[in-house]
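**Student:**
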Amino acid sequence: MPELPEMEHYKLLLLQKLRGKTVSNVEVNREKSINVVPEVFLNNVKGHQIINIERKAKHLLFYLDNGHVLLLHLMLGGWMFYGKDEDKPDRTIQIQLSFGNEHLYFIGLRLGFLHIYNSKADVEKELAGLGPEPLSPNFTFTEFMALIEKRRGRLKTKLVDQQFLSGIGNCYSDEICFHAGTIPKRELNELSSSENKQLFESIHHVLKDALKHGGYMENPLFKGDTLTGGYNNLCKVYDREGESCLRCGSKIIKEMISSRKTFYCLNCQK
DNA sequence: AGGGCAACCCGGACGC
DNA sequence: TGCGTCCGGGTTGCCC
65 MPELPEMEHY KLLLLQKLRG KTVSNVEVNR EKSINVVPEV FLNNVKGHQI INIERKAKHL
125 LFYLDNGHVL LLHLMLGGWM FYGKDEDKPD RTIQIQLSFG NEHLYFIGLR LGFLHIYNSK
185 ADVEKELAGL GPEPLSPNFT FTEFMALIEK RRGRLKTKLV DQQFLSGIGN CYSDEICFHA
245 GTIPKRELNE LSSSENKQLF ESIHHVLKDA LKHGGYMENP LFKGDTLTGG YNNLCKVYDR
305 EGESCLRCGS KIIKEMISSR KTFYCLNCQK
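Under the numbering used here, think of the first position of the first sequence as 65, with each following residue one higher.
#1: Would you list the residues sitting across from Tyr146 in a DSSP beta bridge?
#2: Please list, in chain order, all residues of the same chain as Asp238 whose beta carbon is under 7 angstroms from its beta carbon, the five residues on each side excluded.
#3: Under a three-way DSSP split, which group does His73 fall into?
#4: Along the chain, where does the beta strand (DSSP E) containing Asp320 start, and where does it finish?
#5: Under a three-way DSSP split, which group does Tyr236 fall into?
#6: For the candidate residues Phe126, Pro69, Asn89, Glu95, whose alpha-carbon lies nearest to that of Arg83?
#7: How would you call Arg119, buried or exposed, if buried means at least 16 neighbouring beta carbons within 10 angstroms?
#8: Residues in its own chain within less than 7 angstroms of Asn296 by CB, not counting five upstream and five downstream?
#9: Should Lys110 and Met71 be called a contact, given that it needs their Cβ atoms to be closer than 7 angstroms?
#10: Enumerate in chain order the residues of its own chain whose CB-to-CB distance from Asn116 is below 6 angstroms, with the five nearest sequence positions on each side excluded.
#11: Note down, one range per segment and in chain order, each beta strand (DSSP E) of at least 3 residues found wholly within the region 199-252.
#12: Nearest to Ser97 by alpha carbon, out of Tyr169, Lys214, Met65?
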């Protein structure tokens, strides 16, 4: 569920809250969420300072002052809350990192995880298969075309393929296709050069716009956080089956493409 | 190589 | 209120 804009947004807020802070305590309530025995996890995290946080694709990487790196993937339904115990959400907490009297709660980690790696090199090896970052300055139209030319398949399927492009999921793939005016089930290699150009621009536009509005996650990251989730009611097609297209008024269609819910407007998208 | 699909996982929403 | 049922959905791995 959380995709690139959500994770980037989380990263920016968490950097403000956590950079330079020391983890005073660790609680692991769900051992499947970590990749080592709890004792090892605790020994490597407790008492250590968070020196930086980065995002790669839909992952967040928490760099510790002992060289270890925490790798977070929220997968489906995972989210976080940062705050005091009295403001803790009434939800099952899988993992809790404490920073004095404030805590970072990891919630809804069903398939999601917070893994620990011994070094930056180890975690980079783990993430080596990911495709380019769509918002990186290195990701030029030339590189985009090179990607397209060596791949086949449906637009939707490729957009959510993390080895093709990283960070785009089910919601933003639909929003990008709507913005580009292209039907998600079109074959990638049948798009015209102007459609490719538009697609490239739409990827940037939609992701940046979503980030600017705090992504679509509904839960605030901390008490008084009014920024997170601002994009939730700005989605044009995602999860709007049967509702009117905001551009032309036609009904939004839902269709399964590669066993994924896909939403689009037959009138606005060709 | 791409498409299709099952498995993973379990909180919480929903129904009775 | 309380208990049972079922859904969601990114990712991996397997098969065709």
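Where a beta carbon is used, it is the ideal one built from N, C-alpha and C, also for glycine.
**Tutor:** Taking the structure as given:
#1: Leu168
#2: Pro248, Val301, Tyr302, Thr326, Phe327, Tyr328
#3: helix
#4: In the sequence as presented, Asp is not what sits at residue 320; that position holds Met. First-last of the beta strand (DSSP E) with Met320: 317-321.
#5: DSSP, reduced to helix, strand and coil, places Tyr236 within a helical segment of the structure shown.
#6: Residue Phe126 is the option with its Cα nearest to Arg83.
#7: Burial state of Arg119 is buried, judged by a 10 Å Cβ sphere holding 16 or more other Cβ atoms.
#8: Tyr280, Glu282
#9: no
#10: Tyr127
#11: none
#12: Tyr169
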